[in-house]
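Q:
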Amino acid sequence: MAAEHKYFLTLNNINPNIKKMEYPLCGLFEARIAELEREIKNGVKKPFTEIIKPDTGDCHAIGQSPITFIRQVMSIVLYPPLLDDPKFPDDAKQRARVILNACRGGSIGSYTDATGIEIIRKHAAEFIEKRDGIPCNWEDVTLCGGAADGIKKILKLFIKETNGKRAGVMIPIPQYYFYSVTLDEFGLHKIRYYLDESQKWSVNIEEMQRSIDKAKEICIPKVLVIINPGNPTGQVLTRKNIEEIIQFAYKENLYILADEVHQNNIYSENSKFYSFKKVMTEMGKPYADMELSSFMSCSKGYSGECGFRAGFSETLNMCPEVKAVFHKASSPMLCSATGQACLEPLVCPPESGEPSYELFIKEKKDILDSLKSQAKLLVDTLNKFEGISCNEVQGAMYAFPQIKFSLRAIEAAKEQNQSPDKFYATEVLENTGIYIAPGEGFGQVPRTYHFCVTTLLPVNKMKIMLKNLEVFHKEFMDRYR
Ligand SMILES: Cc1ncc(COP(=O)(O)O)c(C=O)c1O
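In structure tokens, the structure reads:
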């Protein structure tokens, strides 16, 4: 008889940090959604004909159109004979030539240095300089395989115990789940600070102080993560709030990690994007000397090119020896040029007078205008639902409405061994085919319940989604009255 197969790698001997990684949105819903999709395909009768997943920021997957200029540049770099094709405009060809000339062997199929293609770093620095009106040294800019990749590289630098205490990283709650998962993976302590829902999800300094003081008992706080504009909360921080945050970070000796990937998605008339770099620099010394890494991505904004996995970071005031070690540590990891190529048309868009300018401006405006009206439609409609309140989506691409459940609904959830928001999301999915992500996956103040829904759904689809949700919601509220 053959010996029983024994696995070498088991749950008992894998990296405990990987085992511990919490991704509460994964699992239950992903598996159930896949099952429902299979059932629909196989003709099983359901109260709906398709699954709508307005829970992610995967722009093109949900309906956002690609920008023609970006795709033209990408097509040419992938297939250079298109340089001779008269259907392609000269400015797209010029950007493609810049990229190809900078690639090893003149091919997009080659590796690049870990810091990224130099000319694109220089152009990204010019983009930052224009955005902030403050000089930017291109050597402070590095390209990464998506902002997530760049953020992980910086966070890795902080993995070190001091006197038996782990390093701590302050993260906003609710938060983009990437942070809690990454901190678990790296064995870094999560210091959660709650955003202030009653003040449009702004950052409350007293709350930050509370959370850091408590955390100091068990970890050494080292990093402050700020997501602005916010995911999943859709706020755009005011300049005054940013100044207060910088003062707090200075007082507590924290490295600032500013996640600014949604900087092009600003909808509210009263909101304006201020980069942490700009505010910090304009505050003057000692703040202007603080250590900061900020991140931008081609995944969001009007480009929405999530699949190319490209972003860039600017790191300021890092100790030169640390910078050298950081670059040394990254350099064995040669990078893909393809994603980086997608950054070139983003940081070097068509200029007035170039052949693609008008179409580019129109497409960009159409996308941003649609996102703005979708955000308004979503929030205005949800606020009419019984028991639901939703802050204005000032920016980014998500709303995070709060829902007040009756005691009977909370009891019903308990019987199913679920939190009320997960129970509600499950019921919504099973009855309407709409997947709204329950708030527990993002974190929320205890005994408050939320869900996350993206503003990306095109208006027609969003109207249908909201109509179906409204019908279900009324029935749910009546059922548990
Ligand atoms: C706040 C925030 N940071 C980072 C990312 C990841 O960006 P990338 O696709 O460039 O890795 C996302 C993606 O949704 C995000 O919302």
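Just so you know, the sequence shown maps onto residues 1 to 481 in full-length UniProt numbering.
Note that the Cβ used here is the ideal one computed from N, Cα and C, for glycine as well.
Just so it is clear, the structure is predicted and the values come from calculations on it, not from any experiment.
Return helix, strand or coil for L368, following the three-state DSSP convention.
A: Here the question's residue 368 lines up with position 368 in the sequence shown. Looking at L368 - three-state DSSP - the assignment turns out to be helix.
Q: Among all residues, which have a Cβ less than 5 angstroms from at least one non-hydrogen atom of ligand 1, and in what chain order do they fall?
A: Counting every residue whose Cβ lies closer than 5 angstroms to a heavy atom of ligand 1, we get G57, G146, A147, A148, Y176, I227, N231, D259, V261, S297, S299 and G311.
Q: Could you please give the first and the last residue of the uninterrupted beta strand (DSSP E) stretch that includes R210?
A: Residue numbering aside, residue 210 sits at position 210 when the sequence shown is read from its first letter. R210 -> not in any beta strand (DSSP E); alpha helix (DSSP H) instead, spanning I205 to A215.
Q: Can you give me the Cβ contacts of F385 inside the same chain, cut-off strictly under 6 angstroms, excluding the 5 residues immediately before and after it?
A: Here residue 385 corresponds to residue number 385 of the sequence shown, with the count starting at 1. Only H473 meet the Cβ criterion.
Q: When the Cα atoms are used, what is the spatial distance from T10 to G187?
A: In the sequence shown, residue 10 corresponds to position 10, counting from 1. In the sequence shown, residue 187 corresponds to position 187, counting from 1. Taking the straight line joining both Cα atoms gives about 20 angstroms.
Q: In the DSSP output, which residue or residues are listed as bridge partners for D196?
A: The residue labelled residue 196 in the question sits at position 196 within the sequence shown. Answer by DSSP bridge pairing, in chain order: S202.
Q: Checking the sheet assignment: what are the DSSP bridge partners for Y111?
A: Numbered from 1 along the sequence shown, position 111 holds the residue referred to as residue 111. According to DSSP, Y111 bridges with S336.
Q: Roughly how many whole angstroms lie between the Cα atoms of A425 and D55?
A: As a working note, residue 425 is residue 425 in the sequence shown. As a working note, residue 55 is residue 55 in the sequence shown. Looking at the two C-alpha atoms, the distance is approximately 11 angstroms.
Q: Could you pull out every unbroken beta strand (DSSP E) segment of at least 3 residues lying fully inside the segment 119-180, listed in chain order?
A: List check, beta strand (DSSP E) in window: 141-144 and 166-173.
Q: Taking 9 angstroms as the threshold (C-beta atoms), are Q394 and Y267 in contact?
A: On the sequence shown, position 267 is the one that residue 267 refers to. On the sequence shown, position 394 is the one that residue 394 refers to. Taking 9 angstroms as the Cβ cut-off, Y267 and Q394 qualify as a contacting pair.
Q: Specify the secondary structure class of T233 as computed by DSSP and reduced to three states.
A: Locating residue 233 in the sequence shown gives position 233, counting from the first residue. The answer is coil: DSSP assigns T233 none of H, G, I, E or B.
Q: Where do the N-terminal and C-terminal ends of the beta strand (DSSP E) with S293 fall, by residue?
A: As a position in the sequence shown, residue 293 is number 293, starting the count at 1. L292 to S297 is the extent of the beta strand (DSSP E) around S293.
Q: Looking only at DSSP bridge pairs, what is K190 linked to?
A: Along the sequence shown, read from residue 1 onward, the residue named residue 190 stands at position 190. Beta-bridge pairing links K190 to V169.
Q: Which of helix, strand or coil does DSSP assign to Q72?
A: Here residue 72 corresponds to residue number 72 of the sequence shown, with the count starting at 1. Helix.
Q: Return yes when the Cβ of K122 is within less than 9 angstroms of the Cβ of G168, no when it is not.
A: For the purposes of this step, residue 168 is identified with residue 168 of the sequence shown, where counting begins at 1. For the purposes of this step, residue 122 is identified with residue 122 of the sequence shown, where counting begins at 1. No; because the gap between Cβ atoms is not below 9 angstroms, this pair is not in contact.
Q: For the beta strand (DSSP E) containing V225, list its first residue and its last residue.
A: Taking the first residue of the sequence shown as position 1, residue 225 is located at position 225. Taken as a continuous stretch (DSSP letters only), the beta strand (DSSP E) holding V225 covers C219 to I227.
Q: Would you check if the distance between the CB atom of P458 and the CB atom of Y449 is smaller than 9 angstroms?
A: Here the question's residue 458 lines up with position 458 in the sequence shown. Here the question's residue 449 lines up with position 449 in the sequence shown. No, they are not a contact pair.
Q: Measuring straight from C-alpha to C-alpha, what distance separates F476 and F29?
A: Here residue 476 is taken as the residue at index 476 of the sequence shown, counted from 1. Here residue 29 is taken as the residue at index 29 of the sequence shown, counted from 1. Rounded to whole angstroms, F476 to F29 spans 20 angstroms at the Cα level.
Q: Quick check: the segment 45-61 against the segment 296-305, are at least 3 beta-carbon pairs closer than 8 angstroms?
A: Yes, the segment 296-305 touches the segment 45-61.
Q: Below 7 angstroms CB to CB, which residues in the same chain sit around K156 once its five sequence neighbours on both sides are set aside?
A: As a first step, residue 156 must be located in the sequence shown, where it is residue number 156. F186.
Q: May I have the straight-line CA-CA distance separating G353 from L359, to the nearest angstrom?
A: The residue labelled residue 353 in the question sits at position 353 within the sequence shown. The residue labelled residue 359 in the question sits at position 359 within the sequence shown. Roughly 12 angstroms separates the two Cα atoms.
Q: Under 8 angstroms Cβ to Cβ from G234, same chain only, skipping five residues before and after it: list those, please.
A: In the sequence shown, the residue the question calls residue 234 occupies position 234. The residues are W201, A375, N391, E392, V393, Q394, G395, A396, M397, Y398, A399, F400 and T455.
Q: Quick one: is I361 buried, meaning 16 or more other Cβ sit within 10 Å of its Cβ, or exposed?
A: The sequence position of residue 361 within the sequence shown is 361, counting from 1. Its Cβ having fewer than 16 others within 10 Å, I361 is exposed.
Q: How many Å lie between residue 505 and N12 at the Cα?
A: A question about residue 505 goes unanswered here, because the residues of the chain that appear run from 1 up to 481.
Q: Specify the secondary structure class of G433 as computed by DSSP and reduced to three states.
A: For this step, residue 433 is matched to residue 433 along the sequence shown. Three-state DSSP puts G433 in coil, outside helix and strand.
Q: Since C136 and E252 should fall inside the 8 angstroms C-beta cutoff, what is the C-beta to C-beta distance between them, to a whole number of angstroms?
A: Stepping through the sequence shown from its first residue, residue 136 is reached at position 136. Stepping through the sequence shown from its first residue, residue 252 is reached at position 252. Not a contact, Cβ separation roughly 27 angstroms.
Q: In the DSSP assignment, find the beta strand (DSSP E) that holds E314 and state where it starts and stops.
A: As a position in the sequence shown, residue 314 is number 314, starting the count at 1. Run containing E314: G311 to L316, per the beta strand (DSSP E) assignment.
Q: Can you list, in chain order, the residues of its chain whose CB lies under 8 angstroms from that of Y480, leaving out five sequence neighbours each side?
A: Translated into positions along the sequence shown, residue 480 becomes position 480. Contacts found: F405, S406, R408, A409 and A412.
Q: Indicate whether I134 and K278 have their beta-carbon atoms separated by less than 9 angstroms.
A: In the sequence shown, counting from the first residue as 1, residue 134 sits at position 134. In the sequence shown, counting from the first residue as 1, residue 278 sits at position 278. Contact flag set, yes.
Q: Starting from Y250 and walking both ways along the alpha helix (DSSP H), at which residues does that stretch end?
A: Residue numbering aside, residue 250 sits at position 250 when the sequence shown is read from its first letter. Here the alpha helix (DSSP H) through Y250 covers R239 to K251.
Q: By alpha-carbon positions, which one of P80, Q416 and P420 ends up nearest to Q402?
A: By 1-based counting over the sequence shown, the position of residue 402 is 402. The shortest Cα separation from Q402 among P80, Q416 and P420 belongs to P420.
Q: For W138 and A124, I'd like the C-alpha separation in whole angstroms.
A: By one-based count along the sequence shown, residue 138 stands at place 138. By one-based count along the sequence shown, residue 124 stands at place 124. Approximately 7 angstroms, taken between the alpha carbons.
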